[in-house]
Amino acid sequence: MRSLDTYRWETGARRAASRRPWVIAHRGASGLAPENTLAAIELAIDLGVDMVEADVTVAREGEPVVIHDETLERTTDGSGRVLDTPLAALRALDAGAWFDDAFAGQRVPTLDEVLALADGRVVLNLEIKTESLRLDPDEVVRTPPPGGVVARLVDTVRRRDLGEAVLVSSFDPRALMQLRTLAPEIRCAALYTPRVHDGLTPSQIAAQAGSCALHLTSSQATPARVEAAHRAGLAVMVYSTRRAPVNDAAAMWPILGRGVDGICTDRPDRFLELLRG
Ligand code: G3P
Ligand code: MG
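Numbers 206 to 482, taken from my numbering, label the letters of the sequence shown in order.
Here's what the structure looks like:
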């Protein structure tokens, strides 16, 4: 398993021919299997990725679970808000058939299950989902996020002693600042959002919560911003979005040309193939 010490992989003495940008599977290998399921994560690990990104929120009782949306409709056969759904009801849902019948029976995993699957095999990028972006940006930095998600994530990661193999990220600076207070040993990355970070330099964004990396969309990863982040010692990762997918070689090449440290893609198989070539 690759060490997060080398996330900013081109720096000084760490530079070596054998190094390569981090191959990060977005929501698992989500182009090939239903996102954020154990099947998608297992497939990504089998492909040989360096890191798996997964989205973390909490069920009604506060148990951390891995699912992207605030609601269940898109990726399960259930309905309603995840935060309002008891864990047992959440676990009864099918989270695979929407993608392909071959994946019927996949469940919404708990964070603990994902940690158990990844244990020692791959680094996890746990993205904390909160509802903060609906708040005024000034409010965002004052109060901890609701639902206790950060504290529960920290407990779950510590119980398995996997802090070294976890990178926590969030669009919500409150979540990262709370993480810094509760678990200074766990690394974090700031997910850039103009709503909160407009006008701030990469080093100012990172300083808010002691982040070691800046995670950006391809259009946000301008050469100037990448360079400023690198000057501040931060790793830079570009992730795929629906509007700006980074899921084929044509999209990956120009991003690699900007010297980023990793790409988070729904098709890590294609990224690995590109790097092999
Ligand atoms: O962590 C990178 C990326 O996953 C952030 O956006 O909406 O895909 O979770 P989203
Ligand atoms: Mg995410």
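The beta carbon of each residue, even a glycine, is placed where N, CA and C say it ideally should be.
- Secondary structure of Leu237 (DSSP, three-state): coil.
- In the three-state DSSP reduction, Pro269 falls in the strand class (E or B).
- It is roughly 29 Å from the alpha-carbon of Pro459 to the alpha-carbon of Gly415.
- Relative to Leu477, the option among Glu266, Ala454, Tyr397, Ala321 whose CA is nearest is Ala454.
- Distance from the CA of Glu318 to the CA of Ser408, rounded to the nearest whole angstrom, comes to 34 Å.
- Three or more Cβ pairs closer than 8 Å define a contact, and the region 378-394 falls short of that threshold against the region 458-475.
- Arg286 has Thr276 as its beta-bridge partners, per DSSP.
- In this structure, Gly233 places its C-beta atom within 8 Å of the C-beta atom of Ala249.
- Looking at the backbone, the Cα of Val355 and that of Arg448 are separated by about 29 Å.
- Residue environment for Arg436: exposed (fewer than 16 other C-beta atoms within 10 angstroms of its C-beta).
- For Leu288, the closest of Asn241, Arg265, Trp214 by C-alpha to C-alpha distance is Arg265.
- The beta carbon of Glu332 sits closer than 7 Å to at least one heavy atom of the ligand MG.
- Secondary-structure assignment with DSSP links Gly467 through a beta bridge to Trp227, Met442.
- For Leu372, the closest C-alpha among the options Phe308, Ile229, Leu480 is that of Ile229.
- Per DSSP, reduced to three states, the secondary structure at Arg365 is coil, with no helix or strand assignment.
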